[in-house]
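First to last, the protein sequences are chains L and H. This note's numbering numbers the first residue of the first sequence as 1 and each following residue consecutively. This note's numbering numbers the first residue of the second sequence as 1001 and each following residue consecutively. Cβ atoms here follow ideal geometry from the backbone N, Cα and C, with glycine treated the same way. Since the model is a prediction, treat every value here as computed from it, not as a measurement. What follows is a single structure, written as structure tokens, with notes after it.
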Amino acid sequence: MENEQGQISYWQSVIVGALFTALVIFVIALISGYMTINAEPTGSIISAGQLIGVLSCLIGAFGGIISTRHYAKTYNITFTIGKGAMIGLYTGLIAALISAILSQLWTFVDPGYVQGIIDSTVANMEAMTNIPEAQKTQIIEDTTTKLKDQFASLSGILIGSAISMATFGFLNLLTGMIGAKIFASED
Amino acid sequence: MIKEIQFENKTLYFIVGIGVLALFIIGLGPGLFSSEFASSTSWQYYVFKDLCHQETARSYALNGVQMAVCTRCIGIYGSLLAGWILLPFLSYFISSQINLYKWLFSASIVLNLVDVLGNFLELWSNTNNSRLFLGIALGTSTILFLKNDFFKQLNARIRYGK
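So this is what it looks like as structure tokens:
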């Protein structure tokens, strides 16, 4: 196994990991969104419709492992965890960006998707029984405004994408280090 | 007999430390800052919306408000943070056994997967505490697995005089 520290580009591996992760995030978010839309209101803070089951937990953080594995196995090389971290970081950033673009494209496929999520979230809040009516009305108004900001305004979409890029970037940085240690370590 | 520890990848160590601290604080959810009613649009939930299922029954509450991540995830982030802070000390007291740590890391992943699948297939029912424990096992084994790349224990040698 050859030790390589800079000659061979890792961007192909980054794109492979990012595409896989972006598709997984996008599909999970879509299933989760439609479950929210079709769920019966429960009145809990996070509605049952937002779930797609425990199997989805942290799955979006695996991009770093996929990219580093692809890079190490394709070129049969070893590299440091620092480089693995960098590959993971880029993978997470690009995956979040692609996922955000796919989400926006989906609003053309199903124009009622965003409004459906807002309506079902509001319906869920209306089912709450443990708070006074006046407070509930205020919360519903605030939530509706926030959701419209998050999903339907340009600034909300950009801020949401930036948050996703930061979170996915960092978590994939971690898994990139792990991937480098598993697949490309000299130990 | 004096053990010498070599600190490597310093920038990465501090970046990861700050990032894990941020993830843990955000993961604790809006209840950390206020026990007032928190809506599902609180930004802490938004940060983890594509990463964790955030199921109410599978999450702890802080000040009566559901955390932004499930018990397993808060166990992972909490143990990663604690382990990351303790890493220099752990490196001093625990020797570098790469194969053992690799085995522990693999075992903790398999344990978590088996637990998730067993519960999913209704072979058994896990609890919030059992999921937290398995999350802590995964976070801790990750720290041990990566330990040697940040704090390398050099060969012990006898130091004479000052």
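I'd like to know whether the C-beta of H/F1014 is nearer than 9 angstroms to at least one C-beta of chain L. no
Beta strand (DSSP E) containing H/K1152: first to last residue? F1151 to Q1153
Let me know the secondary structure DSSP gives H/V1065 once reduced to three states. strand
How would you list, in chain order, the residues of chain H whose beta-carbon sits under 7 angstroms from the beta-carbon of L/G60? D1050 and L1051
For H/Q1006, write down the residues that DSSP places opposite it in a beta bridge. H/K1152
Is it right to say L/Q150 is buried, meaning 16 or more other beta carbons lie within 10 angstroms of its own, or is it exposed? buried
Please report how far the alpha carbon of L/D110 lies from the alpha carbon of H/Q1097, in whole angstroms. 54 angstroms
In chain order, what residues of the same chain lie with their CB nearer than 8 angstroms to the CB of L/K136, ignoring the 5 residues before and after it? M125, E126 and M128
Starting from the Cα of L/T91, find the closest Cα among L/I131, L/W11, L/F183 and L/Q7 and give me that residue. L/W11
Taking buried to mean at least 16 other C-beta atoms within 10 Å of its own C-beta, is L/Y71 buried or exposed? buried
Taking all protein chains shown into account, decide if H/Q1044 is buried (16 or more other Cβ within 10 angstroms of its Cβ) or exposed. buried
Does the pairing of the region 1121-1139 of chain H with the region 1055-1073 of chain H give three or more beta-carbon distances under 8 angstroms? yes
Tell me where the alpha helix (DSSP H) around H/Y1077 begins and ends. T1071 to F1093
Of all the CB atoms in chain L, is at least one closer than 9 angstroms to the CB of H/V1047? yes
Please report how far the alpha carbon of L/N172 lies from the alpha carbon of L/A134, in whole angstroms. 43 angstroms
CB contact check: L/D119 to chain H, cutoff 9 angstroms: no
How should H/L1012 be labelled, buried or exposed, when 16 other C-beta atoms within 10 angstroms of its C-beta is the threshold for buried? buried
I want to verify the contact list: residues of chain H whose CB lies under 9 angstroms from the CB of L/F170, in sequence order. I1015, V1016, G1019, V1020, A1022 and L1023
Do we get a CB-CB distance below 9 angstroms when we pair L/G179 with the residues of chain H? no
Beta-carbon proximity list for H/I1026, same chain, < 7 angstroms, skipping 5 on both sides: Q1044, V1047 and A1068
Check each candidate in H/K1010, H/S1095 and H/L1086 and name the one with the smallest Cα separation from H/T1140. H/L1086
Taking the alpha helix (DSSP H) that L/A22 belongs to, which residues open and close that run? W11 to N38
Drop a sphere of 10 angstroms on the beta-carbon of L/F170, count the other beta-carbons inside from all chains shown, and report buried for 16 or more, exposed for fewer. buried
Compute the Euclidean distance between the alpha carbons of L/T121 and L/I37, then round it to the nearest angstrom. 8 angstroms
Give me, in chain order, the residues of the same chain whose beta-carbon lies closer than 7 angstroms to that of L/R193; leave out the 5 immediate sequence neighbours on both sides. Past the boundaries of the shown model lies residue 193 of chain L; chain L is included only from 1 to 187, so the question cannot be answered.
Is DSSP giving L/P132 helix, strand or coil here? coil
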